[in-house]
Amino acid sequence: MVKLSNVCVSFNRQLVLDHINLEIKAGEFVSLVGTTGSGKSTLLRLLYMDLIPDSGSVSVGKFLSGTISSKQIPMLRRKLGVVYQDFKLLEDRSVYDNVAFSLYVTNARIADIKKKVLNVLANVGLSHKRNSMPHQLSGGEQQRVAIARALVNEPILLLADEPTGNLDPTTSLDILKLLKDINTQGTAVLMATHNYDLVRKAQGRIVQIKDRKVFDVKLKR
Amino acid sequence: MNIFYVLKEGISGFKRARLSMVISIFTITISLILLGLFTIVFRNTNQIVESFRDRVEMEAFLEEPITDETSPIVERKIHAIPGIKAAKFISKEEAAKIFKEQFGEDIRNILEFNPLPASFKIYLEKDYKNTDSARVVYAKLKLVPGVDDVIYRKTLLQLLDRRAQLFAMASLGSGIALLITAIFLVSNTIRLAIYSKRKIIATMKLVGATRMFIRLPFLVEGIVQGVLGGLFSSGFIYLVVVYASKVFGGDLAAIVFVEPTFYLIILGAGTFLGLLGSVISVRKFITESVALTN
């Protein structure tokens with residue numbers, strides 16, 4: 178489903194990713210670990226094609242980094258869900274509108290939007306807060322809204338960039354549990370984090386970025 | 003594309019960012035007032051200057067004695083010169099009458115004879131009312147048998163030619179500078195307003211909005227701002243014109259004369275400015291990285 182082959186990325190002539198190879202299969206749960214600045218976010222940006230590699234190729238579903246046009250990038254992103262550490266919610270609109278926003282941009286029918294938004298809000302446990310504004314929510318609740326927004330288009334892959342970075346340990350575990358539930362329902366999840374405790378609890382595949390290279394690691398028992 | 007959503011987003015932009023909207027509309031209004039008043043004054047001043055040129059005519063005085071037979075022959079020859087629209091014969095008696103009208107006394111009573119020669123008052127074609135062409139007509143008139151002397155307001159024509167050129171250059175320069183300033187000012191103000199919406203643009207891109215879908219609400223916003231700016235500036239210019247016409251009166255009122263279609267042009271210019279400002283501004287943010295927008 179996702180394949181990176183011999184991918185190199187550099188910023189200001191400084192190599193960040195050096196001939197990396199990675200494959201993610203449908204329905205997998207992958208934790209991407211590495212120190213701050215190791216290139217985790219860069220790898221995620223490659224997947225939603227906010228960044229095109231200097232060399233090598235990235236394929237996500239039927240989309241290829243070498244041939245994708247700027248008009249196709251929105252189509253790719255509709256197949257993905259992206260969640261950030263800082264949530265990136267729209268402060269000027271309600272929880273419902275934040276989630277519905279993803280569907281408006283895909284030209285969904287108004288009746289379908291209502292049904293889907295209420296459904297996904299129920300899945301993340303926020304039905305009762307649908308009319309609240311983001312600033313009225315806790316950090317954990319805001320991240321749930323961001324996840325709901327990412328899920329409402331039924332993506333094939335959910336990308337989570339440090340999703341618990343701004344949250345306390347208990348809330349972090351709640352979010353992890355939610356991500357695992359989503360994964361159980363069939364959506365592949367790629368979670369970038371430097372929280373090793375969370376990775377241990379996730380019990381999925383672990384991929385590490387170190388010295389500009391990517392490789393699978395096994396946790397010691 | 004969900005047009006209802008685009009319009010709703012465009013209009014609700016006013017509620018969400020009232021201050022920046024007011025500033026954008028204000029900037030468009032001020033820019034249009036400056037451009038509008040400049041255009042009115044430039045155009046009307048130019049017309050007034052050109053009306054002086056319209057009054058330029060030549061007088062060809064005839065040799066004496068003049069007979070009933072010679073004057074039609076001279077007239078035919080004058081008419082044959084290119085650039086002459088009409089020629090009106092003024093007899094010695096008519097010349098004396100004009101003198102009396104101008105000075106209040108009959109010249110024949112002063113001198114006991116009429117020294118004023120018969121003449122032709124010559125009206126030039128529009129294109130010949132400039133220094134170079136008038137000089138050619140003048141030289142040809144001097145060569146017509148029976149014509150003794152030719153006079154015209156040569157220095158006025160020279161002055162008009164020089165000043166008209168200078169005026170046109172200065173006006174064109176100032177007009178272009180003013181227009182560029184207006185476009186820069188408006189797009190900069192709108193850019194600041196859109197800057198505050200970088201996050202919404204990034205989110206739209208993140209969830210798979212097409213560029214056109216992102217752009218449209220901002221363009222709607224820009225058009226609405228432009229139309230409002232156009233209406234306010236038209237209203238202000240109208241009040242200025244009404245007031246100035248009352249205060250100046252007479253010839254000077256012509257400087258502030260405006261046809262009703264001018265207000266429509268101002269409205270159109272406002273819409274154009276608002277739209278252009280949005281197009282320029284949104285382009286910058288639409289290409290920004292999603293992840294790096296905070």
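From first to last, the protein sequence lines stand for chains A and B. So that you can map any letter, position 208 of the first sequence is 385 in our numbering, and since no number is skipped, the others follow by simple counting. So that you can map any letter, position 215 of the second sequence is 217 in our numbering, and since no number is skipped, the others follow by simple counting. Heads up, the beta-carbon is just placed ideally off N, CA and C, and yes, glycines get one too.
Minimum Cβ-Cβ distance from Ala195 (chain B) to chain A less than 9 Å | Interface residue (Cβ-Cβ distance to chain A less than 9 Å): Ala195 (chain B) is not classified as such.
Specify, as a first and last residue, the run of the alpha helix (DSSP H) that Thr263 (chain B) falls within.
-> Its alpha helix (DSSP H) spans residues Thr263 to Ile288.
Between Phe215 (chain B) and chain A, is there a C-beta pair that is closer than 9 Å?
-> Residue-level contact check: Phe215 (chain B) touches chain A, since one or more beta carbons of chain A fall below 9 Å from its beta carbon.
Are the Cβ atoms of Leu336 (chain A) and Leu257 (chain A) separated by less than 9 Å?
-> In this structure, the beta-carbon distance from Leu336 (chain A) to Leu257 (chain A) falls below 9 Å.
Could you tell me if Glu107 (chain B) is buried or exposed, where buried requires 16 or more neighbouring beta carbons within 10 angstroms of its beta carbon?
-> Glu107 (chain B) comes out exposed.
According to the neighbour-count rule (16 or more other Cβ atoms, all chains shown, within 10 Å of its Cβ), is Gln362 (chain A) buried or exposed?
-> So Gln362 (chain A) counts as exposed.
Can you list the residues of chain A that Gly210 (chain B) reaches, using a CB-CB cut of under 9 Å?
-> Simply Ile250, Pro251, Met252, Leu253, Arg254, Arg255, Lys256, Leu257, Ser279, Val282, Thr283 and Asn330.
Going by CA-CA distance only, name the one from A:Ser242, A:Asp269 and A:Gln191 that's closest to Thr205 (chain B).
-> Considering only alpha carbons, the answer is A:Asp269.
Just checking my contact of Met178 (chain A) with Ile333 (chain A) at CB under 8 Å: how many whole Å lie between their CB atoms?
-> Contact holds; Cβ gap of about 7 Å.
Cβ contact (3+ pairs, closer than 8 Å) linking the segment 240 to 260 of chain A and the segment 324 to 332 of chain A | Three or more beta-carbon pairs separated by less than 8 Å link the segment 240 to 260 of chain A to the segment 324 to 332 of chain A, which places the two stretches in contact.
In terms of residues, what are the limits of the alpha helix (DSSP H) holding Met368 (chain A)?
-> No alpha helix (DSSP H) contains Met368 (chain A), which is instead part of the beta strand (DSSP E) from Ala365 to Thr370.
Can you find a CB in chain B that lies within less than 9 Å of the CB of Tyr273 (chain A)?
-> Taking Cβ atoms only, chain B never reaches closer than 9 Å to Tyr273 (chain A), which makes this a no.
If we cut at 9 Å on Cβ distances, does Ser247 (chain A) have a partner in chain B?
-> At least one C-beta of chain B is nearer than 9 Å to the C-beta of Ser247 (chain A).
Please work out which residues of its chain come closer than 7 Å, Cβ to Cβ, to Asp163 (chain B), disregarding the five sequence neighbours upstream and downstream, and give them in chain order.
-> In its chain, beyond the 5 residues on either side, Asn132 and Thr133 have a beta carbon closer than 7 Å to the beta carbon of Asp163 (chain B).
Among the residues of its own chain, which have a CB less than 7 Å from the CB of Thr69 (chain B), if the five just before and after it don't count?
-> Excluding positions up to five away in sequence, the list is empty.
From which residue to which residue does the beta strand (DSSP E) around Ala1 (chain B) run?
-> Lying before the first or after the last residue shown, residue 1 (chain B) is absent from chain B, which here runs from 3 to 296.
Nearest to Lys180 (chain A) by CA position, among A:Gly238, A:Thr219, A:Leu209 and A:Val366, is which residue?
-> The shortest C-alpha to C-alpha distance from Lys180 (chain A) to any of A:Gly238, A:Thr219, A:Leu209 and A:Val366 is the one to A:Gly238.
Taking only beta-carbon positions, decide if Arg321 (chain A) is within less than 9 Å of chain B.
-> Not an interface residue.
For Leu267 (chain A), return the contacting residues in chain B, with the cut-off set at a CB-CB distance below 9 Å.
-> Within 9 Å Cβ-Cβ: Lys201, Ile202 and Thr205.
Just the Cα atoms here: how many angstroms apart are Ala211 (chain B) and Ile288 (chain B)?
-> Rounded to the nearest angstrom, the gap between the Cα atoms of Ala211 (chain B) and Ile288 (chain B) is 11 Å.
Can you list the residues of chain A that Val51 (chain B) reaches, using a CB-CB cut of under 9 Å?
-> Those do not exist, as Val51 (chain B) stays about 54 Å from chain A at its closest Cβ, beyond 9 Å.
Listing by chain order, which chain A residues have their CB less than 9 Å from the CB of Val24 (chain B)?
-> Those do not exist, as Val24 (chain B) stays about 17 Å from chain A at its closest Cβ, beyond 9 Å.
In angstroms with no decimal places, state the Cα-to-Cα distance between Leu298 (chain A) and Arg307 (chain A).
-> Computed Cα separation, rounded: 8 Å.
Closest Cβ-Cβ distance between Arg326 (chain A) and chain B: below 9 Å?
-> Yes, its Cβ sits closer than 9 Å to a Cβ of chain B.
Three-state secondary structure assigned by DSSP to Lys387 (chain A) = Three-state DSSP puts Lys387 (chain A) in a strand.
Drop a sphere of 10 angstroms on the beta-carbon of Leu192 (chain A), count the other beta-carbons inside from all chains shown, and report buried for 16 or more, exposed for fewer.
-> It is exposed - the Cβ of Leu192 (chain A) has fewer than 16 other Cβ atoms within 10 Å.
Flag this pair as touching only if the segment 231 to 238 of chain B and the segment 265 to 275 of chain B have three or more C-beta atom pairs under 8 Å; answer yes or no.
-> As far as the Cβ criterion goes, the segment 231 to 238 of chain B touches the segment 265 to 275 of chain B, which means the pair count is three or higher.
Are there 16 or more other CB atoms within 10 angstroms of the CB of Leu37 (chain B), so buried, or fewer, so exposed?
-> Around the Cβ of Leu37 (chain B), a 10 Å sphere holds 16 or more other Cβ atoms; the residue is buried.
Kindly give me the distance between the Cβ atoms of Gln399 (chain A) and Leu344 (chain A), rounded to whole angstroms, as I take these residues to be in contact under 8 Å.
-> Any property of residue 399 (chain A) remains undetermined from this structure, which presents chain A solely from 178 to 398.
Short CB-CB distance (under 9 Å) between Leu367 (chain A) and chain B | With respect to chain B, the C-beta atom of Leu367 (chain A) has no partner C-beta closer than 9 Å.
Roughly how many whole angstroms lie between the Cα atoms of Ala203 (chain A) and Thr364 (chain A)?
-> Using only the alpha carbons, I get a separation of about 7 Å.
Please list, in chain order, all residues of the same chain as Leu159 (chain B) whose beta carbon is under 8 Å from its beta carbon, the five residues on each side excluded.
-> Apart from the 5 residues on each side of it in sequence, Leu159 (chain B) sits with its Cβ closer than 8 Å to the Cβ of Arg55, Val58, Lys131, Asn132, Thr133 and Ala136 in its chain, given in chain order.
Evaluate Met23 (chain B) with the Cβ neighbour count: other Cβ atoms within 10 Å of its Cβ, from every protein chain shown; 16 or more gives buried, anything less gives exposed.
-> With 16 or more other Cβ atoms from the protein chains shown falling within 10 Å of its own Cβ, Met23 (chain B) counts as buried.
Which word fits Asp227 (chain A), buried or exposed, when buried means at least 16 other C-beta atoms lie within 10 angstroms of its C-beta?
-> It is buried - the Cβ of Asp227 (chain A) has at least 16 other Cβ atoms within 10 Å.
Expressed to the nearest angstrom, what Euclidean distance is found between the alpha-carbon atoms of Val152 (chain B) and Leu118 (chain B)?
-> Near 14 Å, if we compare the C-alpha coordinates of Leu118 (chain B) and Val152 (chain B).
Just curious, the alpha helix (DSSP H) that Ser53 (chain B) is in, first and last residue?
-> For Ser53 (chain B), the uninterrupted alpha helix (DSSP H) run begins and ends at Arg20 to Asp56, by DSSP.
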